[in-house]
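Count along the sequence shown starting at 1, add 71, and that's the number in this note's numbering. Accompanying notes for the structure given below.
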Amino acid sequence: MRIAVGGMSHETNTFTYLKTSLEDFQIAEGDAMLEIPEAVRNTSLQGIIETLKANDVEIVPTLYARTLPSGTIERDAYENMKGRLLEGLANGGDLDAVVLAMHGSMFVEDVGDADGDLLESIRNIVGPNIPIICALDLHGTITEKMVSNANAFVGYRTAPHIDTKDTGEKAAKLALMALSNSLELSMSWVSIPMLVSGEQSETKSRPTSDIVAQLRHMPSTGGDIISSSIFLGFPWADVPYNCVSSIVVTAKEATAAGEREAKRLAQLIWDKRHEFTFTTEAYSLEKCLDIAENETSRPVIIADGGDNPTAGASEDLTNALEVMIKKEVKHALFAVVVDKLAYEKCVAARAGSYVDLKLGRVNPTEEPALPLAVRAYVESIGIGKGIPSAVIRIDDIRAIITTTRTDVYDPEFLTDLGLDPMDYKVIVVKSGYLSPAYTALTKRPMLALTPGDTNLLLESIPYKVTPRPIHPLDKDFDWEPKVQ
Ligand SMILES: [Zn+2]
């Protein structure tokens, strides 16, 4: 049995001014992919490769590319990676199936829906009879082109995502099961007119926990459902196909059962639409800081929700830091602002001296979004999780300046820089919902509703091409599930 693997995984924020170029991607190509290099580690592709290896499948590796969520991908970058992936496929000889690891919300300039475009090109190479099976992110935005050019989608069921490898394993096992039983797969999809943020749909909280509990994957007894998934979409992209989706995979003969189940799941999500509220306490930053001041446990960790790099924001906003300085917050840490020039000024000034900086941008809703002028003490220069960084101090607030964007996901980033999170009364991090490791550090996580590329107040985002009506931008309209 010969199965090709690969994929391109990107969550594209169309609101940020930063474009995503080829250099931004981690790429694994050809046989190197099978050794699980850094680009593949902890992705669904790792689960796919390990499962196929364990089942003695001859793997045909093509190309896999991923990067941190960021802005629209440059056309040339996409065409370059796509060309290499398709070449690997075209040179791969006879295949029994293709199993891919994708996100499902990838947007490319002049192309638009790049997941659909890539799947269509792959279908054109392998022909109509080879099953194409994809592991996708829970935040995928499903399109007609994606569905019509693939045979099965299997989505993550956790947010924060802790089942990435498991999802790859499920996708690979589904492919093996279909091949060994000569099953022709069918996918039923219902597109639901809803926008929901990840911060309103963490899977440990209701209503998402209730919905996920009803999903199935290769049940051993009864029924025609092979696999069911929901996809919550990605609200920080203004695209004409924004939606939340239910997807059900069945054998071709059982399509009617798949359609019934996809409609049932979609209706369930729609009926609960008003229950998708913030799963963490969410207020203005000023209010979060006031609460933190009176909180006895430490540290209080506040997410600067409008500038969340894990949803593609630029991570160079300093409006939250400005508020902290004005409020004279004590024992505080601000992590992080990306500003290479300011970092270089700190290096030139050296640790132990004062420096005048113009930091990041203050307010993205104002044109121009001016930098924040501060006089700061350079406390240290270091490397946090591989990223050159400077720690500065302004009054009783420490702030970390980095040279590149980073997901503030692992507190090791702080300890690498000699900062102990327990030393602080309040830590403001560039994040949406906190990562499991940051959640473990605090008894009082909060979301600050700050401006930026990942504005959590979806109703205030100036969408232009998103289809209407759509919940929650439009109120009280009728909708009934129908299979696309
Ligand atoms: Zn996601």
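Positions of the beta carbon are idealized from the N, C-alpha and C atoms, including for glycine. Quantities reported herein were computed from a predicted structural model and do not represent experimental measurements.
Backbone secondary structure at residue i - three-state DSSP
i, result
"TRP260", "strand"
"PHE86", "coil"
"ASP375", "strand"
"LEU190", "helix"
"GLY269", "helix"
"VAL536", "coil"
"LEU568", "The requested residue 568 does not occur in the structure, where the chain is confined to residues 72 to 555."
"THR212", "coil"
"TYR495", "coil"
"ALA206", "strand"
"THR91", "strand"
Sequence-distant residues of the same chain with beta carbon closer than 6 Å to residue i, five excluded per side
i, result
"ALA58", "The structure shown has nothing for residue 58, since the chain only spans 72 to 555."
"GLU366", "ARG515"
Proximal residues to residue i (C-beta, below 7 Å), its chain only, five neighbours per side dropped
i, result
"LYS334", "VAL261, PRO552, VAL554"
"CYS417", "VAL426, VAL449, ILE452, ALA461, ILE463, ILE472"
"LYS514", "SER368"
"PRO47", "Outside the displayed range of the chain (72 to 555) lies residue 47, so it cannot be described from this structure."
"GLU273", "ALA230, THR279, THR350, TYR504"
Best match in the options for proximity to residue i [C-alpha to C-alpha]
i, options, result
"LYS241", "GLU450, ALA223, SER253, ASP410", "ALA223"
"THR350", "ASN390, GLN271, ALA125", "GLN271"
"TYR227", "THR321, GLN338, GLY269", "GLY269"
"LYS397", "LEU443, GLY423, ASN379, LEU412", "LEU443"
"GLY101", "THR85, GLN117, LYS90, ILE130", "ILE130"
"GLN117", "ALA420, SER368, ALA206", "ALA206"
"ASP491", "ILE193, LEU404, LYS535", "LEU404"
"LEU157", "MET517, GLY77, ASN126", "GLY77"
"ALA447", "ALA440, GLU438, ARG469, THR436", "ARG469"
"GLY455", "ASP387, GLU324, THR474, ALA185", "THR474"
"ASP494", "HIS402, GLY423, PRO522", "HIS402"
"PRO231", "ASP545, LEU505, THR537", "LEU505"
"LYS216", "ASN126, GLY198, ILE196, LEU190", "LEU190"
"GLU121", "ARG146, GLU145, LYS244", "LYS244"
"ASP186", "LYS429, LEU171, SER298", "LEU171"
C-beta neighbour in chain D for residue i, strict 8 Å
i, result
"ILE373", "In the displayed structure, chain D is absent; only one protein chain is listed."
Bridge partners - residue i, DSSP secondary structure assignment
i, result
"GLN97", "ARG137"
"VAL315", "ILE263"
"ASP184", "PHE178"
"ILE472", "VAL408, ALA461"
Segment limits, alpha helix (DSSP H) that includes residue i
i, result
"LYS241", "235 to 251"
"LYS153", "146 to 161"
"TYR509", "507 to 510"
"GLU386", "That residue, GLU386, is in no alpha helix (DSSP H); it is neither H nor E in DSSP."
"ILE120", "115 to 125"
"LEU528", "From DSSP, LEU528 is part of no alpha helix (DSSP H); its letter is neither H nor E."
Distance cut-off 7 Å: residue i Cβ against heavy atoms of ligand 2
i, result
"ALA230", "Looking at this structure, you won't find ligand 2 anywhere; what it does contain is ligand 1."
Endpoints, the beta strand (DSSP E) within which residue i is located
i, result
"PRO459", "458 to 465"
"VAL218", "Unbroken run through VAL218 is the alpha helix (DSSP H), 215 to 219; no beta strand (DSSP E)."
"ASP281", "Premise fails: ASP281 lies in the alpha helix (DSSP H), 279 to 283, not in any beta strand (DSSP E)."
"GLU450", "443 to 455"
"LEU404", "403 to 409"
"THR486", "Here THR486 belongs to no beta strand (DSSP E); instead the alpha helix (DSSP H) covers 483 to 487."
"ASP427", "425 to 430"
"ALA363", "Not the beta strand (DSSP E): ALA363 falls in the alpha helix (DSSP H), residues 356 to 365."
Residues near residue i by beta carbon distance below 8 Å, same chain, minus five either side
i, result
"ALA97", "Here residue 97 turns out to be Gln, not Ala, going by the sequence shown. Here the set comprises GLU109, ALA110, ALA136, ARG137, THR138."
"LEU250", "MET72, ASP167, ALA168, PRO202"
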